[in-house]
Structure formats: C-alpha cells, structure tokens
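Visitor:
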Amino acid sequence: MVLLTNEEAAQLTTQQELIDNWFLVPELHDDRMLCQQIRQTAQLFISPQKTITGYTILTTTGCNARCFYCYEKGTKPVTMTTDTASKVVRYVLAHRGEENVKISWFGGEPLYNVNVIDQICSELKEHDVPFKSAMISNGYLFDAEMVQRAKDLWQLKQVQITLDGTEQTYNRVKRYIYGDVNAFERVLRNIQLLTDAGICVQIRLNVDKHNIEEMSELVSLLHKRFGVNKRLIIYSRELYCKRTLEDAAALYNQRMELERQIDELGHRGKQELQKEIKLSLCMADNDRNVVIIPDGHLGKCEHFVDREFFGHIDSEEKDKEVLRRFKERPADIKACNTCPYYPQCFRLKVCEKGECTPELQKEMIHNTIMAMKDEYERWKKEDV
Numbered sequence: 000m001v002l003l004t005n006e007e008a009a010q011l012t013t014q015q016e017l018i019d020n021w022f023l024v025p026e027l028h029d030d031r032m033l034c035q036q037i038r039q040t041a042q043l044f045i046s047p048q049k050t051i052t053g054y055t056i057l058t059t060t061g062c063n064a065r066c067f068y069c070y071e072k073g074t075k076p077v078t079m080t081t082d083t084a085s086k087v088v089r090y091v092l093a094h095r096g097e098e099n100v101k102i103s104w105f106g107g108e109p110l111y112n113v114n115v116i117d118q119i120c121s122e123l124k125e126h127d128v129p130f131k132s133a134m135i136s137n138g139y140l141f142d143a144e145m146v147q148r149a150k151d152l153w154q155l156k157q158v159q160i161t162l163d164g165t166e167q168t169y170n171r172v173k174r175y176i177y178g179d180v181n182a183f184e185r186v187l188r189n190i191q192l193l194t195d196a197g198i199c200v201q202i203r204l205n206v207d208k209h210n211i212e213e214m215s216e217l218v219s220l221l222h223k224r225f226g227v228n229k230r231l232i233i234y235s236r237e238l239y240c241k242r243t244l245e246d247a248a249a250l251y252n253q254r255m256e257l258e259r260q261i262d263e264l265g266h267r268g269k270q271e272l273q274k275e276i277k278l279s280l281c282m283a284d285n286d287r288n289v290v291i292i293p294d295g296h297l298g299k300c301e302h303f304v305d306r307e308f309f310g311h312i313d314s315e316e317k318d319k320e321v322l323r324r325f326k327e328r329p330a331d332i333k334a335c336n337t338c339p340y341y342p343q344c345f346r347l348k349v350c351e352k353g354e355c356t357p358e359l360q361k362e363m364i365h366n367t368i369m370a371m372k373d374e375y376e377r378w379k380k381e382d383v
C-alpha cells in the first residue's frame, strides 16, 4: 500500500475526471472508430420514427425576385392549390401523433402564395393542432396587416431575410418583378414591422467577392436604423460558387472581420455548445422531418425541389431507396481522420455542397469559441 500526499491525491482525482470525460485516452485509442461504433450502436436502439413533427412546406417555387444565384433558377414554377393545402393538413394530422408541430415556410417566395399559408394555419387551428412556424422570405410582401396575421394566425416566431448589399446593390441583385426602385427601403420597413410585433428577424448577409467591400457599411446602416434589438440577429454567409483557394482564403478573412463588427455592435446570435453526439446531420437524414413540395410530393431536403422525392401526401407508399440515399455517408475521407471536429461534423453523400475547406474548419473553430464565450456568460449570470 502506498500513502498518497494530498497534492498527489488531488492530481489523481483530476486525471480520473479527464479519463472519464475522454480527454485522456490510451496511446493507440482510435477516436474515429469509437465514434462510428457509438453511432452504429445507438441506431440499433432507435426505431424508425413514425411521427413527423417538422414540416418544410413550399407554398410555391415561383418568386417575385430574380436573384442570379438562386439554386431554383430554371425550375418550372409550381404553385400549391387550395385542394393540395387541405391534403397537407390531413397529412400532418395523420403523422404528427400527439406532438407539437414546427412548420418552416419556404419557396420560391412563400408569401407569393400567401393564401395557402392562411388556409393551412386556419385548418390546423380548427383541429386544435399546436404549432409554431418560421419562414425564409425576401421580406418584400409583408405589410402591417399581414405581420399581425403572421403573429396571430401563422404563429410565426422567426423570419430569415437576405440582404445582398447596400441599397443600390440590393435592388440590382433582387430585380423584383414590380420595377420598384425603392425595394431596399421597403424591406427595411418590413423588418421593423416584424420586430415591433415580437417576431425575431435573422438578417442573412449573402457575401461574395463583388459585395464584401460594402458589407461593413451595410452593417453600420442596420445598426443605426434598428439599434441593438434582441429580436434582430445579423450574420453572414458566403455565396456558394466555384473559386480558387486563394480567393476563398481572402474572402474568409474579410468575412471574419465583418463578423467581428457584427459581434461588437451586439447583433450576433447567441450560440450553445453541443453536448451530445449527433445521430443526424440535418433534416435530410432525420426521420421526423419532411419537405412538402407545392404539388404534394414528399422530399427530404429543400434543395431538391424537382427530384429525389420519396413519396406523395396522397399515399403511404415510400421509396426506400431515396430515403437510404439521404442517410448515406461518403466514402472514407482521409482529411477527416485528423480533424478535431470529426465527431460532430460528418457529411451526407447526397449533399451538393459537401466538400470541406480550410476556411470551413477555421469557421467551425471560430463558432466554437463564440459558443464557449456565450456559455461562459450564461454561467456567470446563473452563478450570481
């Protein structure tokens, strides 16, 4: 028997805690293999979900804007009919079980066919279905009356609105079909209407090498216009396009400067550290989520609006091969083996934007640091 000093005992306790939480592991330990084994084992105990609680509903694939970067460009416009809208409600009633429902309104521009939003929400309320909704919109078609309806009838909690630059750039990129020379100002007014009604607005800044120089000016303009508002979040995303590694690195550095400005002005959304291993990457490989196309077809991802359907709201038949493809991982990627984010970051083979870049890894590190900062601030408030 060996008698330990107090210092040695304290060190041993600390080391055991690190071992228990997988910070200290045996020399030949394979984190990647363990992660795969945990996921495979967990899946054995998870039966396919029979209830669906998340519904991304495309009211139309038509749009009142003509953005050059839209991935739906060239897709034949399809608009949901009132008959299909009623069938959507019946599908929700048949598949939600007794759980609350989350609806994400999508398009095209979802407000371009606003009547079916009213219809679906009214019929869900008639059947006492508890639900809340969010929306991705360009924000142009809102007005005071519609915002109030969105709050009361649609149970709208959050809207994502994209801005592509300051006024001149925004109007040139959006090219609204109405010929409105003051579209930028109209959208800003609608953002104010939404936040005043208690609806959270996430302003997404679409960034590329052509508009990055003016984005700092846009953020300053938004700050001056709206001030610090807990219902207003600003963030930036790079427009997806093919570019050289040098261009990607330069744009990333500029975008991180923009994110620092957003943070310093108090417009960054708060984040949380992920505390559990993810069994699904996104809605596409999650059994509890479905995408409903305007003609009633069922899909798994809103980026596939004209293909890769697994069924239809009129039928219980499912194309199991399509569902399998949306769960398939790509073949072994060597670069992932040494990436510290592998346990939480994994790809779907079907995803068109599935490649990894040094800039993406840097951004994941940046987001983790921000999440740690936010967790610390929450902890300080709770500790007081």
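So for the sequence shown, numbering that gives the first Met the number 0 puts the first residue at 0; every next one is plus one.
Think of the CB as a built atom: it goes at the ideal place given N, C-alpha and C, for glycine as much as any other residue.
Every value quoted in this text rests on a predicted model; they were computed, and no experiment measured them.
Could you compute how far the alpha carbon of T385 sits from the alpha carbon of K274?
Guide: A query on residue 385 cannot be resolved here, the shown segment of the chain reaching from 0 to 383 and no further.
Visitor: Between the segment 48-66 and the segment 98-105, can you find at least three pairs of beta-carbon atoms closer than 8 Å?
Guide: These segments touch.
Visitor: Can you check which of these residues, G226, H296 and F183, is closest to E263 by C-alpha distance?
Guide: G226
Visitor: Tell me whether the beta-carbon of A370 lies closer than 9 Å to the beta-carbon of L272.
Guide: yes
Visitor: Quick check: the Cα distance between E258 and I37, rounded to an integer number of angstroms?
Guide: 35 Å
Visitor: By the 10 Å Cβ neighbour count, where 16 or more other Cβ atoms means buried, how is H126 classified, buried or exposed?
Guide: exposed
Visitor: Mapping the DSSP letters down to three states, classify R404 as helix, strand or coil.
Guide: The requested residue 404 does not occur in the structure, where the chain is confined to residues 0 to 383.
Visitor: Across which residues does DSSP place I160 in a beta bridge pair?
Guide: S136 and I202
Visitor: In chain order, what are the residue ranges of uninterrupted beta strand (DSSP E) at least 3 long that sit wholly in the segment 237-299?
Guide: 288-291 and 296-298
Visitor: Leaving aside the five residues before and after F141 along the sequence, list all residues of the same chain whose C-beta is less than 6 Å from its C-beta, in chain order.
Guide: N189
Visitor: Within 8 Å: the Cβ of F303 and any heavy atom of the ligand ADP?
Guide: Annotation note on the ligand ADP: not contained in the displayed structure, which lists no ligands.
Visitor: Threshold first: 3 residues or longer. Then list the beta strand (DSSP E) segments lying entirely within the segment 14-62, N to C.
Guide: 53-57
Visitor: Less than 9 Å separating the beta-carbons of R203 and I261?
Guide: no
Visitor: State the Cα-Cα distance for the pair E327 and C69, rounded to the nearest angstrom.
Guide: 26 Å
Visitor: What is the rounded straight-line gap between the Cα of V158 and the Cα of Y234?
Guide: For V158 and Y234, the distance between alpha carbons rounds to 13 Å.
Visitor: Quick check on E320: buried or exposed, where buried means 16 or more other Cβ atoms within 10 Å of its Cβ?
Guide: exposed
Visitor: Identify whether I368 lies in helix, strand or coil by the three-state DSSP scheme.
Guide: Secondary structure at I368: helix, using DSSP grouped into helix, strand and coil.
Visitor: Could you spell out the range, first to last residue, of the beta strand (DSSP E) harbouring R141?
Guide: Note that residue 141 corresponds to Phe in the displayed sequence, not to Arg. Neither: F141 is in no beta strand (DSSP E) and is coded neither H nor E.
Visitor: Give me the residue from I176, I232, S132 and E166 with the minimum Cα distance to N210.
Guide: E166
Visitor: Alpha carbon to alpha carbon, what distance is there between G268 and I364?
Guide: One alpha carbon belongs to I364, the other to G268, and they sit about 16 Å apart.
Visitor: Under the three-state reduction of DSSP, which class applies to Y234: helix, strand or coil?
Guide: strand
Visitor: Contact between the segment 295-312 and the segment 72-86 is defined here as three or more beta-carbon pairs at a separation below 8 Å; is this criterion met?
Guide: yes
Visitor: With the cut-off set at 9 Å, would you say V349 and R324 are in Cβ contact?
Guide: yes
Visitor: Let's test the definition: count the other Cβ atoms within 10 Å of the Cβ of I18 and tell me whether it reaches 16, buried, or not, exposed.
Guide: exposed
Visitor: Rounded C-beta distance between Y175 and N20? I'm assuming under 8 Å.
Guide: The pair is not a contact, with the Cβ atoms about 53 Å apart (cut-off 8 Å).
Visitor: At the level of alpha carbons, what is the spacing between R65 and V172?
Guide: R65 and V172: Cα-Cα distance of roughly 8 Å.
Visitor: Taking the alpha-carbon positions, what's the V91 to L23 distance?
Guide: 47 Å
Visitor: Assuming V441 contacts I119 under a Cβ cut-off of 8 Å, what Cβ separation, rounded to an integer in Å, is found between them?
Guide: Since the first and last residues shown for the chain are 0 and 383, residue 441 lies out of range.
Visitor: For the segment 133-148 against the segment 105-119, are there 3 or more C-beta pairs whose distance is under 8 Å?
Guide: yes
Visitor: So, using beta-carbon positions, are D207 and L238 closer together than 9 Å?
Guide: yes
Visitor: Going by other Cβ atoms of all chains shown within 10 Å of its Cβ, with 16 needed for buried, is L217 buried or exposed?
Guide: buried
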